[in-house]
Each structure stands twice: as C-alpha cells, then as structure tokens.
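Participant: Residue numbers (the working numbering), protein chains in the order written: chain A, 767 to 1565; chain B, 10 to 103; chain C, 109 to 220; chain D, 79 to 219; chain E, -16 to 109; chain F, 84 to 581. Ideal Cβ placement from N, Cα and C applies to all residues, glycine included. None of these values were measured; they are calculated from a predicted model. The structure's right below; bear with me while I get my questions together.
This is the structure:
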C-alpha cells in the first residue's frame, strides 16, 4: 500500500509547487520541497530489513481491467536500490539547488518538473506492469525534456532537449513494441508473471525481436553507444538536473531495465553479446571522448556515458550465468552482476558529487572551461577535497568506493574468458583495460587541471576573491563524499542489506541469495586485476603527462568522428528531403491531383476487373432498342463530344444544356417521367446560373496544353470511361439478386399512385428531407460566398 | 398504320433536332445558336408528345408543358444575356 | 438498350474526365455536370431497363420499370444541382476577386 | 439605354400565371402523377425567375417582399417539423398520416403529412433557387 | 368505336403533318443566309409544327381514352403565346449585338434609329 | 420509443434551420447552437448507455421495415463517434463565440457548423448506403460553405480544389452504389451484407467494394489526401478544428463499417490494399509533417498520419486492433480539435503562420503553451494521455495479425508526430519572447476554456479508459462479428427472406 503512495506523493506535490509562490518566498521553495524526497527515502529505508530477509512487497491498484493494465507495484531488492538513489540523491539535489539557483529563476516550475521527474522515476522502478512502466518511462523523458529546456531562451538548451526527447522517445516506442510482443507471448503484462514463464519463451519467434526492442529502449535511455549523443547535449540543463537525472538516476533506468529482464532474456547468447559488447563499446567510446573535452561538464557527461557502459557490460557478463553451458562456474558471472550493481551505487555517489562540484566551480567562477581554470585548490579547499575523492573514486583508486567496484570489473573481464564462446578471448579484458586507462587520464584532468597548476593569466575571479561557497551548497556534495569514502570501508553493509536482495531479484532461480554475494575486500591478493590496476595507473600517468602531445590524434579522422554529425545530418537531410519530396507531389495543381486520383482508380479497377474478366458479358437481358433511340443517343454523344471542341464558353454552355435536355428525353424514353421533369427544370436553372455567373469571364482562351499532357489526359479519360463501361457490362450480365423494388410496387398496388414519388415522400422520405437540407446549405453557402467579402483581400493570415 | 405514322413522325422530329444541333454547333453568331436551342426545345416538346402517344401513356404530358415553359425562359435568358449581359437587373433604369 | 446506354455513359465519362483534367474553371464545372449526367443514366441502366410502364400505378398493365433507381437519381440530381451551383458561384467569386479563370494563374498572382 | 420590353412584360403577366398554377398543380398532383414538391418548386421558382428577368429585382421585390433565405429555411423547417409530428404520438419518425378530406374546391382530397412534406420541399426549392439567382444578380449589377 | 379510330387517325395525321412541317422549317434554319431569316423559319413554321403536333396529341388522347388533357391544352396555349415573343427577343438581341445582316439584304431601317447608342449592348461572341 | 435515435441528427438540423430566422440575434444564435450540440451529445450518450443493456437500437423511418425503408442503426461504434463528435463540436462552438467575429456569425456560421454536425452524425448512424451518400453530402456542402467563409484568396483557391475533388469522390460513390444495386439489388447495409455473404462473396462484389475503398479513401484522406493539407489550413481556427476533428473520421467510419460488415469476404485482397495504403499514408503524412514550416500545414499533415494510423487497425482486422482503432478515433477527434484550436490561437494572436516567425510565446501565453504541449504529448501517444491506450491495443492487434512492417510504420509515425510538433513548440513557445507584455494581444480566459476542456478530456480518456472500455469492446465485438448487426436490423428471421 505504501509504495503507490510513494509514487503518488511527488506527483501530488508537483501540482502545488507552482502555487507556492503566493505563500513562500521563492528562495525558500526548495526547503518546502526538500522534505518530500526525504520522507520517501526514510520510508524506503524502513523497508530494507524486510527485503534483506528475502521478502518482497507487491500491491495492485486496478486501472484498466479490460486491457489487464493495472498499477501493480513490486518492491524488491532491485527496485529498492534505484528507489534509494532516486530519493536519496533527490534530497541532496533539492538542497543543492536551493543554493545553486538564483531566485530570479522560475523556481516553482523547476521544482515542479523535478518532482514530476521524481515521481515518474519511482514509477518506473516500482511498476510491475510493463505498460505502466512504459507510462512512467515516457514521463521521465518528458520531464527530462522540460528540465533540459529549463533555460529555453538558449538555443542550445532547446536543441539539447529536442535531441534527448527524440532519442529517448524513439527507444521508448521500440520498447513499447517489445513489451507488446512479450504480452503476445505470455498473455500477461506483469513482469513477475513473465519471469515465471521465462523457460518457455526462447523458442517463440517473437523472442528475439522483443529482446532487441526492449534493449533499444534501455540503450537509448542509458545513453549507450551510438545513442549516447543526447547525454552531452543534455548538460545544457541546470547543473542540479545534470547531477540528478543525467548521472544518478534517469540514465540508470535503462540499466535497471536490463537488470530487470535478465531473468527473462539472460539465457540467450545474443543478449549476453549485445549487452556486454554495447556496454564495452560505450565504455571505450565515452572515456575516449571524455579526454578531449575542454568543458568540465561535457567531460563529466562523456565520463557518465562511459561509466554507464561499464555497468551495462557488467550486467551483460552477469547474465552469462544463466547461459545453458554445462560445468560453468556461475559464481564468476554472478559476481560480475554484483559488481555492476555495486558500481551503480558507487557511480551515483561519486558522479553526483562531481557534478555538484563542477556546478560550484561554475557558480563561483562563471566558467567551466578547463583551459581557463587552474590552481583552485588554494581558494576552495573543501571543494577540492570532494572533487579529489570523486575523481579518484572514478579512476578506481583507493581508498574510495570506485576502487572496489573497478577492481571487481577488471576481475570479471578477465574471468569472462572462461566462457567457451567465440569472440570473447582477449577483447573484453583489453577493452576494459584501455578504457580504464583513459578513465584514469580524464579523472586526473579534472583534479589537476582544475585545482592545481597555475593560471595562464590572472582571471577576473581571482580578484573577486573566489572561495568555497557557503556551507549549504557544499552540504550535498559533502554527504556524497562521505559515502564515497564510507562505502570503501564498509562495502559489505551495502552488500548485505541492499545488494543481496537485488541479486535475488536478478537471479530468482538461485534460492538463497546470500551465496550470490561475494564478500568485498579491498585487498584480495595479487590477482590479475591488481596488476591491471597498477598498469592503468602507470600508463595513465604517462598519458596524462604527455596529454598535450598525443591529444592531436583527436583531429585525425577515425578518432575525430562524432556520432553527433550523423544525427545532425539525419535531421537536416530529413527535413530537407521531406520538403523536397512533398513539394514534388503536393504541387497544389488540381490537375495533378485529379491525375493521381484517376490513375489510382484505373489501377485498382484494372486489377479488379482482370479478376472477373472471365465472367461472360450477357446481353440477352437487354431491352430492345429502336432507331430513334439510336438517333437520340447519337445526338447526345455528339453534343457531349462537341463540348470538348467548343470555341467559346457560351457554346459550351449551350451544348451542355442540349445534353441535359436530351438526357431528359432519354429519361422519357426510359419510362421515367419524374426524372425527365426534374432534369429539364434543373437543367434550365443550371444554364441560367451559368449565364448569370460567367458574364465577366474573358472568352476562354485556347488552353495552351502540351501535346504530351493532352495525350495523357485523353488516355486517362479513355481508360476511365472504358473501365466504367466494362464494369457496368459485367454487372449487368451477372445480376446476382433481384432488386428489392418489387416490394414498393406491391405496396402501392393497393393505394395506387406514383411509385417514385411514394419512395421519395414516404419510403425514403428521409433522403428527401436531407436532400432539401443540402439544397438549403447550398443556398446559404452561395449567399455567404458572395456577400462575405474579405476585408483585407489577400492577407496571409486570419482577419 | 397509326403507329407507323407516329414512328415516322418521331424519326422526322429526330432529324429536325439533329439538324438544329448542327446549326447550333456551327453557329456562326450567338443568336443563331440560341434559336437552334429554342428549336430543339420546342421540337423536343413535340417529340415527347408523340412518344407519349406511342407509348400510350399520359405520364409525360407534364413534361410537355414544363419543357415549353423552360424553353421559353431559357430563350429569354439567353437573349437578355446577349443583349445586355445582365439577366436580372437590380433596377431597370439604365 | 442497356448496352448502348452503358456505352453512352462511358462516352460521357470520357468527355467529362477530359474536361475535368483541364485548367479552366468552366471546363471543370462542365465536366462535373456531364459526369453527373453519366452517373444518373448509369444508375437507371443498373436497375434494368425493363419494357415496363412508367412507375405510376394508375397506368394500365402490371409491369413497371424499376422505381427505386429513379428515386435515387432524383435525389442525386438535386444534390448535384446544389453542388454545381456552389461550384459555379465559387468560380465566379474567384474570377471577380482575382481575374483568374483557372487555378494556376490565380496561384501565380497569389504567390507574388 | 432604356430597352422597351412591353411585349415581353405583357406576355409575362399571363404566362407567369399559367406557370404558377401549373407549379402548384405539379406539387399537389405528385402523389399520383409525375411531379411532386421538387419539380413543382422549381417551376414556381422559374416563374419568379421569369418575373425577375422581365422586370427587375426592386420592382418584383415590392410585390413579393420575402426574404427567400427564410422561405427556404421555412421549407426545411416544415418538412422536418411535419415529420416529427408522429413522434408526439409515439410513432416512428417520418411516419406519414393520411386522411381523406372533403374540400370545397378540390373535392375529395387526400390530405396527408406527405403534402406538408412536399410543400416544405417546394418552399425550400423556391427559396434556394431564388436566393441563388438574386444573390448573384445583385452582385453582378 | 369507329369514331374513336377516326379520331385517333386524325390525331396521328396531325402529328405527322407537324413533323413534316418541323423538318421543313429546320431546313430553313440550316439553309437561310442570316440569323434574321433563320429566326423566321424557326419561330413561325416551327411553332406551327409544334401546335399541329400537340393538337394531334390532344385529339389522340381525347378520342382514345376520352381524356381531356388540360396540360396539353395549356401547353398549346403556352407555346402559342411565347414562341413569337421568344423569337422577337432573340432577334432584337441579335440586332443590338450587331450581328450582320446577310449580304443580299436590301435595307436596314432600324440602323439609324439605334446606332450611336448601342455601345453598352455589345457582348458579342464569336 | 426509439425515436431518440434520430435526435443526434435532428436536433442540430432543426436548430440550424431555426437559427436562419435569428440571423441578427447573436445571443440566440450562440445559445441555441451550443445547446443543440450538447443535446445531440446527450442523446448520443443516453443511447450509448441503452445499447449496453438492450443491444443495438434501430429506428425505421416511417415504419417501413428494412430493407425497404431507410433506418438508423445505433450500435456502440456509431454512438461512440456520435457522442464524441457532438461534444467536440459543442466545445468548438464555444471557442468560435469569442474568436470568429460578428461578420461570420451573421453569415450563418453556426447553422453551417450544426449542419456539418448533423451530416456527420447521420453518416455515423445510417444503415442505408444511399442515405450514407446523402448524409455525406449534407456534411460536404456544409464544409464547402464553411471553407469559403471569409473569402480570402487562399480559401477560395483551396475550396475549389476541395470541392472538385469531392465532386469526383461523390461521383465514385454513386458509381459504386449503381454497381452495387445492379449486382445485389438492395441498399440496406445489413441486407447487403446478407446478400454478399449468400453470393459466396462473388468476386464482382469484391471489385465493387474497391470502388468504395477509393471513395472512402478520398474522404478519409487515406493515401489520396492531396486535398487535405491545403483545405484544412485555409479556414479560421474554429472551422479548421471542426474539419480536423470530424471530416476525415466520417470516411474512416464508413470504411470500417463497410469492410467489417458488408465486404468481409476477401480480407486478403482488400485487407492488403488497405494495409499498403495505410502504410503509404503514414509515410507520406510523416514526411509532409516535417516538410512544412506553416503551423497549420504541419497540423494538417498530422491529420493524415492519424488516418493512416487508425486504418492500420482495419487492415489488421482483429478485435484488438479494431478496438485500438476505435479508441484512437475518439482520441483523435478530441486532440485534433485541441491542436487546431491551439494552433489557430497562436496564429490569431501573433498574426504569423510560420514557425520561424514566432518565438517565446510561452512567456506571453503560458496556458496556451502548456495546452499545446499536452496536445502534442497526447498525439504522440505518450501516456497518460488518450493516445496511449489506442496505440497499445493497435499494437497488440498488429502483433496478433503478424503485420510487423505496418506495426513499425505506425509506431514510427508517432515519432514524426512528435518531431513535427516539437518543432512548433520549441520554435514558437520556447526561446526569447519577441512580444513585450504591453504589446501582446490579450488572450481571454473564455477563449482558452474550450481548449482546456479538450485537454482535460484527452487526459480523462487516457486515465479513465476503463469507463470507455465496455463501450469500445462492444463496438469492436460488433465489428468483428457482423451477425450481431445484421440480426439487429433484419431480425433473426429477417435473414430468411434473402
């Protein structure tokens, strides 16, 4: 029961925040908001013991009974980790932003978005129903859009927001299809129920597409290569947002999703390959690109990309435990998954802290460009120490929590060779090692280029007396800093209470989760991982020292490539090409449109008629015909064809009149007096109308039509006419049923009278009623058309 | 006998209409065409009379009158059009 | 009879479609008028042109031509009258406003 | 230029009367013979057209001072409202009530809702056709 | 009965005569040199032909079904009334829109009366 | 009595006629017109509830038994659409009160709108194919008149295109009816269904059905949508909204009705044609939406996309897909109206039409901006707005029918919807505001109110989809099993006299 309330609380609160302006000084809104995540965090913490004991908690609020979509929440270890991060980091971020954002900003809107995001994110992790999960998933995209575009006056913010929205929604839509496929396979929307059926699924033909699509969703959200491009641009958001959404929580949603679905897809080799290698590639690409950045925030963005790749690849390796390979030591792989979860937490702590620090630097100095920074350690000692902790943790150095998980990662990358699968060999450890070296390098850049060294020239901020910010702003990063260190010394507390239940959720098949949780030790002998770490430090240091020398490679083609270019090209091309293409066929020329429509008619009907061509024509039912009728029809055809060659419009109108009168006469011949009557009158009135309206037209000029167009027009006309004839003959030759009209005759036999008028006035009086309505509308339309003159003539907009 | 006579007259009327149509198409002046149209209308009216005799039905007798009326109206409309360009004036004082 | 009427309908359709494909307003409107003649005749022919009497019960004989299509045609005539009138006035209005007697030249003016 | 239309105007006075009579007859007799509200209405409208052509709008308007849009509206209203009457008697919409009436001039006449309906049709047709013609004519002038 | 058949025959004969007249008049329409003479053929003899025919029709129904068709009578009256007026109006229109007389014409009496103030009459079409 | 069934048509119709007499009195015009639309909605909803308990309602006009007379058949599908159309019209009318201007109000704009509604409702309810044609014409004539109202050059020009193309379409419609009558000898749709089934789905009838396919494609804008972007972007906002919300839906309705009820025999051929057409429509609409810089054009192309999206459900043809389509139609009516109104307001307020010409409107008109944003999300199918549920069901149906290409196209189209509208939002609402607070045209609350109500509606349909579920399920079940409809019309014994 409590969990849905947890999700609901931020949403409800977000509704009220904007109106707080009336009551609360804008600077203090943050303090009103802050208790919300704190309460959530506390409540979640209270659940830890229950989960650690192996329990889970589920609760359902019925929503769409019919479609089987309900708000089912499922609290287990995995969602708990994310929940704690969301609420915990959330609390810190709110505190931080209270100091970070100026009171001139639209703070009400800011906190509203933030709360919206928080609620959505909680929804994502606690939902058991895939569709509800999708609901919240898209809401996170939306709120992220709003937060990135918070400073929407800047074009870069808008572009970044657009990019993030487009990419994540693309993934989301793919994921939705994947979910629907899963539903088609299992008949349920509940993840837990699906997991229960995991064994039967791999043989299903939709299994692989569903997996690919769900991975698409996860990869786009978690900024995996090549979808990572939105994340650096998302850094246009205010720094608290970057710290919160784009490093600690939202980007972890994809990781969460992958972890969540390991029980379902983990048995597939394809899954293992995709997740592991996408992760590694992202890790490499992200770290490689991070080194080249000059903007500290961009550097952190790429480092986030790379770290996300790291976690992703760990989860991939972890899923290998479920591969159906006899004699496999699964403990190695479960350890990888464990490392992944561990690093997930660690990353949130150190990356959150780093973002906040960068924010402080930016806030205090007005720049984030490392080329203009340097020597800050003197001015801002506290800031510096937190930055140091965060960076070293990220680089994988003791005594910080990153060291532990990094070590485990390296270990896993070596151990994964045990899998006798093709293509693993030396690649995984090699990639892991290279990426770690690069990580080391950029971590050193953060620390040394920002806080040490000297400034090229004395910037303005030195004179202004840059210093550590006030305590409140430092509080949040400091708390994270405490965790960075604390987790190094007491990692197993986390392991036992938080990570173990999560492992149980990932590997439900292992009854006892405690065997899945390795005891984390800082020192674990001279393992390959340790040697690798030493190598990283050595090579990394060298690389850092000679940074300026080798950074030139970023200008050489394969290294200078950026996926961004592809995106921009694609967007530009898409808009350009679509404009071009649409202009090509939407010319606005009526003639064109008629040609399209008629050609379509001709094509469809030719195809159709060719099927029934064999149905013989049958002329035996034809009524006899007399000579005068031939003459009449000849006259009609002549008149009609003569219209085509009429030299003046009056002749054409006259000929049309003649045609109308002869049609009326034909009605006489065909025993339709009412028709004849009406036709004659209508024809006359129409002719008069023609005369009335066309006084002002210039005599019609001979249309200068290209011969080719004429031929085309003529052939279209001929084909249309022929099809009408052929189809009519076929239908006449094969009348399948008697018409219902004998009924009318029977009814009328008793009373006598004009059957046609009886049909019009009684049997089908409704048609007649609407028909005069049509006429009335026509009259009103004509009246309005003539009387209502445009005031501005050809203005391009509404008057 | 009677039906033969009637048939002949229908054919004759048809010929009339056809010839008038020729006049209408070749013109040369507008009034020529209008006259041709008038002739067609009037002859059509006669033809319908004959046809209703042929078919032995009174159903078309309305048509005759209406054709007469309308042929008159359209002729007037055309002639006013030719003469003045305006068929219905707002105020006749010009 | 049905066959020849059908052929007539076909010819009318050809003429009408050819007219529709031109640019001049009046030709297009004439095209639509002829098109409606064609469909009325076709509807009638589809009911079967029995050598019956006009559908008036007072007439002698017990065979009547199919009255339903006739009723439908009557409705269709009225509707096509309304539409034609509207179309005509629309073309007239365009001409009065812009001096164009076809859409293309109108558009040219408009784009300037 | 003043055009002398005496001949036309003289004939029209008679002819219009014939046409009007015929038009009314046409829509009343629609039940048994060809005709009915629509063609009757059109014939009436053409009589009016003839008047307008022979005289001019303002002259005719003095004699027949109607807003023809409203006449058209009235026609539709009659047709619809008449069809709704059966609904009051809990019968289906558009059910036609029939009854024989002895009328002084016409003798035994079958008066029915149908006639009201047809009258509505005729009025609409007259109203709309004249509206269209007048609207354009006024604009042209 | 016999009288009926005679009556029917008379009707049919009138119709036949009417149709012959109509053909003759239409020959005039095609053969005569200018619009004024053509209108002569069209309005005079054509009207006669129609009147004959309609009378025939009237008689036919009168004798066959003993049916007095008011509509046909009305029709006859109507055509009788209107055809000359229609012809008159067309020709006046023709004249005022300057349709040329045939070359063989001898005199144009109205010319002096009208010309000089026909400038707004011409919407001639060719 | 079942006479209530005719009210959704009759009330607007009669009101419209009465309003002709009150041309000068704006108060009466406004009051009556909105009451009429509301009354029609009330009748629709009442019937909808009744259908739940009593099954399909029918009304034989003049008491003539089907198949001889004309009748209205109210099943859940039709009535859902009737109710939605009436509600949306009522809101658009309210919007029109404060935006359309007195000039228009005296030129019968409200009667015309009501006529349009009457035609639309009639098309939904009728059970006779020729009457369907007539109802179409009522709607079309009204739309012609509304389109030209105001008489700007673009309007006239687009109206000519629109009218002539529709004349051609109506001609095709009559052609189809002529052939159909020739072959099957009846006009009643249920009776047609019986006869078509009796003939063993004769190929001739299938070919005839292709003509109807063309007709309704033209009306709905399925593949043959050339006329649509131009004519929907020409008239004033209220009218455009009415068009965007209602017009194409009628074509869609007719297509779904006919191909689920009458021509059910050759799902292979027609189904695949519809599938290809829907796919191409999705592509064309998506491309079109990106191609334009004119706000109304972009929105109009979104109409095209929606048409493709909805008819994908017909192509799949199974119950899930059909109910998805139904949800989506309802959703689309609401959201398209909202979008057109919001877009129209932007244009009215700034006097510009291109996205490059506006900026920062969010600062001047925040409420409008967020409503636009909500409409955008809803149209993209982002939950919890109404587009989501239809999309999910459609997706399920397509997976069930194993039409993966179409599935991809349909879902990818949402992305183009998002992108095209996001362009508007980012360019026009965000960014530096170019209108100072003192020079901005004021936006009155009551102008925005209908838009806001539509926004609430789309949210309500999304979250409260469960209330709609019984109706939609009933509708979809009726479409999947035409016998229910046939029996309701002809009676279980009615099938005897085939």
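(1) Are residue 50 of chain E and residue -13 of chain E closer than 7 Å when you measure CB to CB?
(2) Can you confirm whether residue 213 of chain F, when its beta carbon is compared against all beta carbons of chain C, has any partner nearer than 7 Å?
(3) For residue 210 of chain C, which residues from the same chain have a beta carbon less than 7 Å from its beta carbon, with the 5 sequence-adjacent residues on both sides left out?
(4) Along chain F, in chain order, which residues have C-beta atoms closer than 7 Å to that of residue 221 of chain D?
(5) Tell me the DSSP secondary structure of residue 1572 of chain A in three-state form.
(6) Would residue 119 of chain C be called buried (16 or more neighbouring beta carbons within 10 Å of its own) or exposed?
(7) Over the uninterrupted alpha helix (DSSP H) stretch that includes residue 1378 of chain A, give me the two end residues.
(8) Which residues, taken in chain order from the segment 55 to 89 of chain E, show a beta carbon closer than 9 Å to some beta carbon of chain D?
(9) Closer than 8 Å by beta-carbon distance: list the chain C residues that pair up with residue 116 of chain D, in chain order.
(10) Report yes if the CB atom of residue 464 of chain F is closer than 7 Å to the CB atom of residue 470 of chain F, and no otherwise.
(11) Taking residue 60 of chain B as the query, report the chain A residues whose CB atoms sit under 8 Å from its CB, ordered along the chain.
(12) Would you call the CB atoms of residue 202 of chain D and residue 1549 of chain A closer than 7 Å?
(13) Once DSSP output is grouped into helix, strand and coil, what is the label at residue 1278 of chain A?
(14) Between residue 711 of chain A and the rest of its own chain, which residues show a CB-CB distance below 6 Å, the 5 nearest in sequence each way excluded?
(15) So, is the C-beta of residue 83 of chain B closer than 7 Å to a C-beta in chain A?
(16) Could you check where the beta strand (DSSP E) with residue 143 of chain F kicks off and where it finishes?
(17) What residue range is occupied by the uninterrupted alpha helix (DSSP H) comprising residue 782 of chain A?
(18) Looking at chain D, which residues of the segment 14 to 42 of chain B have a Cβ within less than 7 Å of any of its Cβ atoms?
(19) Relative to the C-alpha of residue 113 of chain F, which residue among F/568, F/260, F/187 is closest?
(20) So, is residue 1390 of chain A buried or exposed, given that buried needs 16 or more other C-beta atoms within 10 angstroms?
(21) What are the boundary residues of the alpha helix (DSSP H) that includes residue 123 of chain C?
(22) Taking C-alpha atoms, which residue in F/106, F/110, F/166 lies nearest to residue 412 of chain F?
(23) To which residues does DSSP link residue 88 of chain C through a beta bridge?
(24) Determine, using beta carbons only, whether residue 207 of chain F and residue 161 of chain F come nearer to each other than 7 Å.
(25) Check whether the Cβ of residue 572 of chain F lies closer than 7 Å to any Cβ atom in chain D.
(26) Alpha carbon to alpha carbon, how far is residue 243 of chain F from residue 366 of chain F? Give it in angstroms, no decimals.
(27) Taking DSSP as the reference, what is the three-state secondary structure of residue 1328 of chain A?
(28) Can you tell me whether residue 893 of chain A is helix, strand or coil according to DSSP?
(29) Between residue 216 of chain F and residue 1021 of chain A, what straight-line distance do the alpha-carbon atoms span, to the nearest angstrom?
(30) At the level of alpha carbons, what is the spacing between residue 1042 of chain A and residue 1299 of chain A?
(31) I'd like the list of long-range same chain contacts for residue 21 of chain E, defined as Cβ closer than 6 Å, with 5 residues on each side in sequence excluded.
(32) Would residue 989 of chain A and residue 1071 of chain A qualify as a contact pair, given that the criterion is a beta-carbon distance under 7 Å?
(33) Quick check on residue 1380 of chain A: buried or exposed, where buried means 16 or more other Cβ atoms within 10 Å of its Cβ?
(34) For residue 921 of chain A, count neighbouring Cβ atoms within 10 angstroms of its own Cβ and tell me buried if that reaches 16, exposed if not.
(35) Using a Cβ cut-off of 7 Å, pull out every chain B residue sitting near residue 164 of chain C, in sequence order please.
Facilitator: So, to answer that:
(1) On the fifth chain, residue 50 of chain E is found 67 positions in, with the first residue counted as 1. On the fifth chain, residue -13 of chain E is found 4 positions in, with the first residue counted as 1. No; because the gap between Cβ atoms is not below 7 Å, this pair is not in contact.
(2) Residue 213 of chain F sits at position 130 when you count from the first residue of the sixth chain. Yes, residue 213 of chain F lies at the interface with chain C (some Cβ there is under 7 Å from its Cβ).
(3) Along the third chain, read from residue 1 onward, the residue named residue 210 of chain C stands at position 102. So the list reads 131, 132, 133, once near-sequence residues are dropped.
(4) Here chain D comprises residues numbered 79 to 219, so residue 221 of chain D is not present and cannot be evaluated.
(5) Residue 1572 of chain A cannot be examined here, being either before or after the span of chain A that is shown, 767 to 1565.
(6) Counted from its first residue, the third chain places residue 119 of chain C at position 11. Under this definition residue 119 of chain C is a buried residue.
(7) Start at 1 with the first residue of the first chain, and residue 1378 of chain A comes out as number 612. Start and end: 1356 to 1378.
(8) 57, 60, 61, 64, 65, 67, 68, 71, 72, 75, 79
(9) As a first step, residue 116 of chain D must be located in the fourth chain, where it is residue number 38. Within chain C, the residues near residue 116 of chain D are 182, 186.
(10) Here the question's residue 464 of chain F lines up with position 381 in the sixth chain. Here the question's residue 470 of chain F lines up with position 387 in the sixth chain. Cβ atoms of residue 464 of chain F and residue 470 of chain F: closer than 7 Å.
(11) Locating residue 60 of chain B in the second chain gives position 51, where the first residue counts as 1. In chain order: 1434, 1435.
(12) Mapped onto the fourth chain, residue 202 of chain D falls at position 124. Mapped onto the first chain, residue 1549 of chain A falls at position 783. Contact flag unset, no.
(13) Residue numbering aside, residue 1278 of chain A sits at position 512 when the first chain is read from its first letter. It is coil, neither helix nor strand.
(14) Residue 711 of chain A is absent from the model: chain A starts at 767 and stops at 1565.
(15) Here the question's residue 83 of chain B lines up with position 74 in the second chain. Yes - at least one Cβ of chain A is within 7 Å of the one on residue 83 of chain B.
(16) Translated into positions along the sixth chain, residue 143 of chain F becomes position 60. Start and end: 140 to 143.
(17) Stepping through the first chain from its first residue, residue 782 of chain A is reached at position 16. First-last of the alpha helix (DSSP H) with residue 782 of chain A: 768 to 782.
(18) none
(19) Along the sixth chain, read from residue 1 onward, the residue named residue 113 of chain F stands at position 30. Looking at the Cα atoms, F/187 is the closest of the given residues.
(20) If you number the first chain from 1, residue 1390 of chain A lands on position 624. Its Cβ having fewer than 16 others within 10 Å, residue 1390 of chain A is exposed.
(21) Here residue 123 of chain C refers to the residue found at position 15 of the third chain. 110 to 128 is the span of the alpha helix (DSSP H), which, as asked, contains residue 123 of chain C.
(22) As a first step, residue 412 of chain F must be located in the sixth chain, where it is residue number 329. The shortest Cα separation from residue 412 of chain F among F/106, F/110, F/166 belongs to F/166.
(23) In this structure chain C extends from 109 to 220, so residue 88 of chain C is not present and cannot be described.
(24) Within the sixth chain, residue 207 of chain F is the residue found at index 124, counting from 1. Within the sixth chain, residue 161 of chain F is the residue found at index 78, counting from 1. A contact, by the Cβ cut-off of 7 Å.
(25) In the sixth chain, counting from the first residue as 1, residue 572 of chain F sits at position 489. No, residue 572 of chain F does not count as interfacial toward chain D.
(26) Residue 366 of chain F sits at position 283 when you count from the first residue of the sixth chain. Residue 243 of chain F sits at position 160 when you count from the first residue of the sixth chain. Going by the C-alpha atoms only, they are around 27 Å apart.
(27) By one-based count along the first chain, residue 1328 of chain A stands at place 562. Reduced to three states, the DSSP call for residue 1328 of chain A is coil.
(28) As a working note, residue 893 of chain A is residue 127 in the first chain. Here residue 893 of chain A sits in strand by DSSP.
(29) Here the question's residue 216 of chain F lines up with position 133 in the sixth chain. Here the question's residue 1021 of chain A lines up with position 255 in the first chain. Each residue's Cα considered, the two are about 56 Å apart.
(30) What you label residue 1042 of chain A is simply residue 276 of the first chain in a count that begins at 1. What you label residue 1299 of chain A is simply residue 533 of the first chain in a count that begins at 1. Between residue 1042 of chain A and residue 1299 of chain A, the C-alpha separation is close to 21 Å.
(31) Here residue 21 of chain E refers to the residue found at position 38 when the fifth chain is read from its first residue. Taken in chain order, the residues that qualify are 12, 15.
(32) By one-based count along the first chain, residue 989 of chain A stands at place 223. By one-based count along the first chain, residue 1071 of chain A stands at place 305. Contact: yes.
(33) Reading the first chain from its first residue, position 614 is the one you call residue 1380 of chain A. Exposed, by the Cβ-count rule.
(34) Residue numbering aside, residue 921 of chain A sits at position 155 when the first chain is read from its first letter. Result: exposed.
(35) Translated into positions along the third chain, residue 164 of chain C becomes position 56. Going along chain B in sequence order, the residues near residue 164 of chain C (Cβ under 7 Å) are 68.
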